[in-house]
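Engineer: So that we are looking at the same thing, I have put the structure below in structure tokens.
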Amino acid sequence: MKYLLTTLLFFSHLIGQVTLDIKVLPKGTTVILDGKEIGNAPIKGYSVKPGLHEVRLEADGYAPATHEISVQDAKRLVADFILNPMYKIKFRAQEKGLTFELNGEHTWRDEKIKLNLEAGPHRLRVYYLDELFDDQIIIADRNAEFIYTRYQPEPGSN
Amino acid sequence: MKTTPHTSLLILFTAFIFSSCGYMFAPKYSDPIYTQRAPLISLRYEYQDIHINAPIQLVNTLPEAFQVYIYDRENEVDPIFAATYMPEEKIDVFLPQNALSTDKNGNIFVIYPQGPDMPEIKHEFTGVRYGKISLPVSKIIKTPAVIEGIVFRRYDERMLGGIQLVATDSTGRTFYTKSRIDGDYRFELPNEYGYRSDIIVSAGVGSLFPVVSKDAVFNGKFDLGIDFALGPSKDFVDRGNLYITKNNLTHFRKSSANGSTTHFLLSKNDIIAVTQVSGNRLFGLVEVFWSDDKSEMIQGWVREQDVIYAGNYFMSPQDDLELAKQ
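Line by line, the protein sequences give chains W and E. Each residue of the first sequence is one higher than the one before, starting from 33 at the first, in my numbering. Each residue of the second sequence is one higher than the one before, starting from 12 at the first, in my numbering.
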């Protein structure tokens, strides 16, 4: 009876399972599914039930990512992820007394500072005496030095 | 000013330090700064299909085609699948994954053979998410001509099981069946009998009950109901002691004298309710049925040597009826 129940539980668990493969760039990314670490990418042949699942991906030098997947009832789901790299940016301002704000939440007043930026566009706002002085989009696409110069429209352009 | 090579090197080294290591003492922002941009993601689903195999067996017939439908048992109006197959084609149905109900017998597979007198065939089956389903063999057979009914004892209307029934056509071709324990019987005759009217069904063959025969007239119908009441009526049983004739062609005479007029000849197992005995002559009644509910009792004589005492065979409890089937 005990074995029968165990067998029934085993088979009822298998019914409706979808085989999940997770591939991530970079390889070796830590994969956390619904709060439980299930290994390092690539993950192959992990069984999940259809429905909503949360995948969190963590790798050194890359921005961690959390993604909700609505798993449909299928034989297999192959999920490919490409994580955004982080870049080391050396930031330098050529003017003094400015306050810098990045993405509306990170603020500093140093003329020189080392930043760890996720690849992609960031909104830089510059204040002088609490007045908005400049507003521009900067793009992090490699490890580099960023020398801040105030945005000045080209002559003749509106 | 004259500079030595060593001084030049020192200046170059100092310039290098100030130009490339200008951030050596610069602070580091405490937190990484994210764009909140989702990572690139692609999801690829692999679906399986459902393969339903429905083997067909043609029994002396060849339909023009098959109409095949699959329904969810909860909705027999809108089919999940509908297609026409030619007789030479295998009936293989392919459906996408999860197209079927996985409830027990939650789906219905229906085959409509295209042609006269071929009934539809239905299979209830349990679906799968994906994979193969093999349905039972569907026998395509023309609608049989069915005769069915019950066999019961006229005396008390008890159902009679194990009674032999024979259907015979005008050419002498015969079909046999027996009544079940609840008195039901059923003949399935070939389709062509549904258009005929020359079949006679007899019940009680081989038993102690007198054989009762009735015409089975189909004339285009394919389902006839014919019931058989066997044995004497209650009224008849109360008239005297019951005897049965041993042989066919037994004389049933108007008087006890040798050579007196014969009413008619009795058949084997005909029943006589004997009321008087005179020597080796027995006087009694014979019950003649003109129809199931219309009969006549005729008085007459038989010789004692032509009959045997039947006791209470025709009014015994159900358990004793085995005697009557001998």
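For each residue, glycine too, the CB sits at the ideal point set by N, CA and C.
Throw me the rounded Cβ distance for the E/Leu253 and E/Ile282 pair, which I believe falls under 8 angstroms.
Structural biologist: Yes, they are in contact, since the Cβ atoms of E/Leu253 and E/Ile282 sit about 6 angstroms apart, within 8 angstroms.
Engineer: Taking E/Asn86 as the reference, which of E/Thr137, E/Lys150 and E/Ile119 has the closest Cα?
Structural biologist: Comparing Cα positions, the closest option is E/Ile119.
Engineer: How is the alpha helix (DSSP H) around E/Lys245 delimited, first residue to last?
Structural biologist: Note, E/Lys245: alpha helix (DSSP H), Lys245 to Val248.
Engineer: Which residue from E/Ile237, E/Tyr206 and E/Glu99 puts its Cα closest to that of E/Lys153?
Structural biologist: Among E/Ile237, E/Tyr206 and E/Glu99, the Cα nearest to that of E/Lys153 belongs to E/Tyr206.
Engineer: Flag E/Ala37 as yes if its beta-carbon sits less than 8 angstroms from any beta-carbon of chain W, otherwise no.
Structural biologist: It does; some Cβ of chain W falls within 8 angstroms.
Engineer: From E/Ser302 to E/Ser224, what does the alpha carbon distance come to, in whole angstroms?
Structural biologist: Cα to Cα, the separation comes out at about 11 angstroms.
Engineer: Using a Cβ-Cβ cut-off of 6 angstroms (strictly less than) and excluding sequence neighbours within five positions of E/Phe3, which residues of its own chain qualify?
Structural biologist: Since the first and last residues shown for chain E are 12 and 337, residue 3 of chain E lies out of range.
Engineer: Would you mind listing the beta strand (DSSP E) stretches within the stretch 193-222 of chain E that are 3+ residues and don't spill past its ends, in chain order?
Structural biologist: Taking only runs of at least 3 residues, the beta strand (DSSP E) segments lying wholly in the stretch 193-222 of chain E are 195-200 and 210-214.
Engineer: According to a CB-to-CB cut-off of less than 8 angstroms, which residues of the stretch 134-149 of chain W neighbour chain E?
Structural biologist: Those would be Leu134, Asn135, His138, Trp140, Asp142, Lys144, Ile145, Lys146, Leu147, Asn148 and Leu149, in chain order.
Engineer: Rounded to whole angstroms, what's the CA-CA distance from E/Tyr320 to E/Thr272? Just pull it up for me.
Structural biologist: Their Cα atoms are separated by approximately 24 angstroms.
Engineer: If the cut is a Cβ gap below 8 angstroms, which residues of chain W does E/Lys43 touch?
Structural biologist: Just to set this straight, residue 43 of chain E is Pro in the shown sequence, not Lys. Result: Ala95, Met118, Asn148, Leu149 and Glu150.
Engineer: Based on Cα-Cα distance, which residue from W/Ala151, W/Gly93 and W/Pro74 lies nearest to W/Asp53?
Structural biologist: Checking every option, the nearest Cα to that of W/Asp53 belongs to W/Pro74.
Engineer: Give the list of continuous beta strand (DSSP E) stretches no shorter than 3 residues that lie fully inside the stretch 88-151 of chain W.
Structural biologist: Entirely contained in the stretch 88-151 of chain W, the beta strand (DSSP E) runs reaching 3 residues are, in chain order, 97-103, 108-114, 118-125, 130-134, 138-140 and 144-150.
Engineer: With a 10 Å radius around its C-beta and 16 neighbouring C-beta atoms as the bar for buried, classify E/Met97 as buried or exposed.
Structural biologist: Classification for E/Met97: exposed.
Engineer: Along chain W, in chain order, which residues have C-beta atoms closer than 9 angstroms to that of E/Ser137?
Structural biologist: As written in the sequence, residue 137 of chain E is Thr, which differs from the Ser given in the question. Neighbours of E/Thr137 on chain W: none; closest Cβ ~13 angstroms, over 9 angstroms.
Engineer: Where do the ends of the beta strand (DSSP E) carrying E/Val121 lie?
Structural biologist: Unbroken beta strand (DSSP E) run through E/Val121: Asn118 to Gln125.
Engineer: Between the Cα of E/Ile132 and the Cα atoms of E/Tyr141, E/Leu146 and E/Gly142, which residue gives the shortest distance?
Structural biologist: Considering only alpha carbons, the answer is E/Leu146.
Engineer: Just tell me which of W/Lys146, W/Gly129 and W/Arg141 has its CA closest to the CA of E/Ser41.
Structural biologist: With distances taken between Cα atoms, E/Ser41 lies closest to W/Lys146.
Engineer: Going along chain W, which residues have a C-beta under 8 angstroms from E/Ala49?
Structural biologist: Within 8 angstroms Cβ-Cβ: Ala97 and His99.
Engineer: Would E/Ile1 pass as an interface residue toward chain W - the criterion being a Cβ-Cβ separation below 8 angstroms?
Structural biologist: Past the boundaries of the shown model lies residue 1 of chain E; chain E is included only from 12 to 337, so the question cannot be answered.
Engineer: Please give the ranges of any beta strand (DSSP E) in the stretch 216-300 of chain E, keeping only runs that are unbroken, at least 3 residues long and fully inside the region.
Structural biologist: Listed in chain order, the complete beta strand (DSSP E) runs (minimum 3 residues) inside the stretch 216-300 of chain E are 223-227, 234-236, 239-241, 252-256, 261-264, 273-277 and 282-289.
Engineer: I want to know whether the stretch 66-85 of chain E touches the stretch 170-180 of chain W - three or more CB-CB distances under 8 angstroms.
Structural biologist: Not touching, per the Cβ criterion.
Engineer: If the criterion is Cβ atoms closer than 8 angstroms, does the pair W/Lys81 and E/Tyr58 meet it?
Structural biologist: Going by C-beta atoms, W/Lys81 is not nearer than 8 angstroms to E/Tyr58.
Engineer: Between W/Leu149 and W/Ile169, is the Cβ-Cβ spacing less than 8 angstroms?
Structural biologist: No, Cβ-Cβ distance for W/Leu149 and W/Ile169 is not below 8 angstroms.
Engineer: Can you check DSSP and say which residues form a bridge with E/Leu106?
Structural biologist: Partner(s): E/Ile61.
Engineer: If you draw a straight line from the C-alpha of E/Asp249 to the C-alpha of E/Gly117, how long is it?
Structural biologist: Answer to the nearest angstrom: the Cα atoms are 58 angstroms apart.
Engineer: Less than 8 angstroms separating the beta-carbons of E/Gln310 and E/Leu296?
Structural biologist: Taking 8 angstroms as the Cβ cut-off, E/Gln310 and E/Leu296 qualify as a contacting pair.
Engineer: Measuring straight from C-alpha to C-alpha, what distance separates E/Ala93 and E/Val121?
Structural biologist: Cα-Cα distance, rounded: 10 angstroms.
Engineer: Tell whether a beta-carbon distance below 8 angstroms holds between E/Ile52 and W/Phe113.
Structural biologist: Taking 8 angstroms as the Cβ cut-off, E/Ile52 and W/Phe113 qualify as a contacting pair.
Engineer: Whose CA, out of E/Thr256, E/Leu200 and E/Gly242, lies closest to the CA of E/Leu235?
Structural biologist: Residue E/Leu200 is the option with its Cα nearest to E/Leu235.
Engineer: Report buried or exposed for E/Leu171, applying the criterion of at least 16 other Cβ atoms within 10 angstroms of its Cβ.
Structural biologist: So E/Leu171 ends up on the buried side.
Engineer: Who are the near neighbours of W/Leu277 in its chain, counting only those whose CB is closer than 7 angstroms to its CB and skipping five residues on each side?
Structural biologist: For residue 277 of chain W there is no data in the structure shown, the boundaries of chain W being 33 and 190.
Engineer: Give me, in chain order, the residues of the same chain whose beta-carbon lies closer than 7 angstroms to that of E/Gln287; leave out the 5 immediate sequence neighbours on both sides.
Structural biologist: Phe294.
Engineer: Taking the C-alpha atoms as reference points, what is the distance between E/Ile161 and E/Asp167?
Structural biologist: Their backbone Cα atoms lie some 14 angstroms apart in a straight line.
Engineer: Are W/Gln125 and W/His154 closer than 8 angstroms when you measure CB to CB?
Structural biologist: According to the sequence displayed, residue 125 of chain W carries Ala and not Gln. Their beta carbons are not under 8 angstroms apart, which means W/Ala125 does not touch W/His154 by this criterion.
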